[in-house]
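In what follows, a single structure is set out as structure tokens and then discussed.
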Amino acid sequence: MGKDLKGLEEALGYHFKRQELLKEALTHRSWGYPDFERLEFLGDSVLELCISHLLFEILPTYKEGELSKIRASLVRGERLAEIAKSLSLGDYLLLGKGEEQTGGRQKASILASAFEALVGAVYLDGGFERALEVVRKCFSPYLEEVKGNWRDIDFKTQLQEGVQARFKDLPQYVLLSQSGPEHEKTFEVAVMVKGQVWGKGRGKSKKEAEQRAAEEALKRLYGL
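Convert by adding 11 to the 1-based position in the sequence shown; the result is the number in this note's numbering.
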């Protein structure tokens with residue numbers, strides 16, 4: 012652990028009463044036990060609840076389906092790793108020698124897991140309201156972004172981000188048919204994810220049909 016933990020506490024805006032919880036949240040299994048995996052399990056649920064609470068608060072006109080999509084976008088691993096890097100969380104981790112030598116301090120998966128563990132530790136140490144404050148602070152720029160622009164982001168962009176996050180892959184669009192006279196054509200498009208059709212859409216242009224297909228695929232991606 013290369014830094015004084017006070018620096019991390021200042022970045023979080025929270026001072027731990029039980030320093031052993033903070034240490035556990037920073038301990039990777041390669042270092043020893045207790046590691047952060049139990050806190051990560053708890054923190055995953057606490058984080059989702061905090062984000063749900065904040066979205067409910069700042070987006071009063073949004074429906075359940077939209078809120079679910081936004082929450083999924085916010086809590087994906089890549090986003091959590093970004094936040095962890097902004098806190099310099101990697102500098103505070105306790106890692107075994109092998110993990111240290113293979114660049115564990117900068118691994119997105121480890122950083123995301125450690126951030127969730129940190130949220131879990133704050134919750135145990137200070138309760139839900141303090142965990143909510145920490146999550147609000149850490150996610151502030153992203154919450155402002157979705158508050159102002161989410162409905163301006165097209166369905167294709169939302170789908171691409173979701174598929175990349177979950178499957179490390181990109182959606183593919185296939186033109187199924189086009190019909191009608193030249194001045195009034197109708198296009199039908201399918202969107203494929205990992206070789207399977209996830210959505211179909213029709214439109215007066217290929218772009219419109221792709222948007223409709225992506226909208227349908229998003230419902231499947233987020234289980235709506």
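Built from N, CA and C at the ideal position, the CB exists for glycine as well.
Just to check my reading of the structure: V204 and K217 have Cβ atoms closer than 8 Å, yes? What is that Cβ distance to the nearest angstrom? Actually they are not in contact, since the Cβ atoms of V204 and K217 sit about 19 Å apart, beyond 8 Å.
I121: buried (16+ other C-beta within 10 angstroms of its C-beta) or exposed? buried
Less than 9 Å between the beta carbons of G210 and K179, yes or no? no
For L129 versus K34, is the C-beta spacing smaller than 9 Å? no
Would you verify that the beta carbon of F139 is, or is not, closer than 9 Å to some beta carbon of chain B? Here chain B cannot be found, since the structure has a single protein chain.
Taking the C-alpha atoms as reference points, what is the distance between A119 and I94? 10 Å
Beta carbon of Y25 nearer than 9 Å to that of E144: yes
How is V174 classed by DSSP in three states: helix, strand or coil? helix
May I have the straight-line CA-CA distance separating L16 from E127, to the nearest angstrom? 17 Å
Apart from the five residues on each side of it in sequence, which residues of its chain come closer than 6 Å, Cβ to Cβ, to A22? L98
Check whether the Cβ atoms of Y134 and V57 lie closer than 9 Å to each other. yes
With distance defined between alpha-carbon atoms, name the residue in R82, G131, G214 nearest to F150. R82
What are the partner residues of V208, as DSSP defines its beta bridges? M203
Let me check one thing: in DSSP terms, what residues is L105 bridge-paired to? T38
If contacts are defined as beta-carbon pairs under 8 Å, then L240 and Y103 qualify, I think. What distance do you get, rounded to the angstrom? Look at the range of the chain in this structure, 12 to 235, and you will see that residue 240 is not part of it.
From L50 to G43, what distance separates their C-alpha atoms? 15 Å
Ordered along the chain, which non-local residues of its own chain (more than five positions away) have a Cβ less than 6 Å from that of V146? C61
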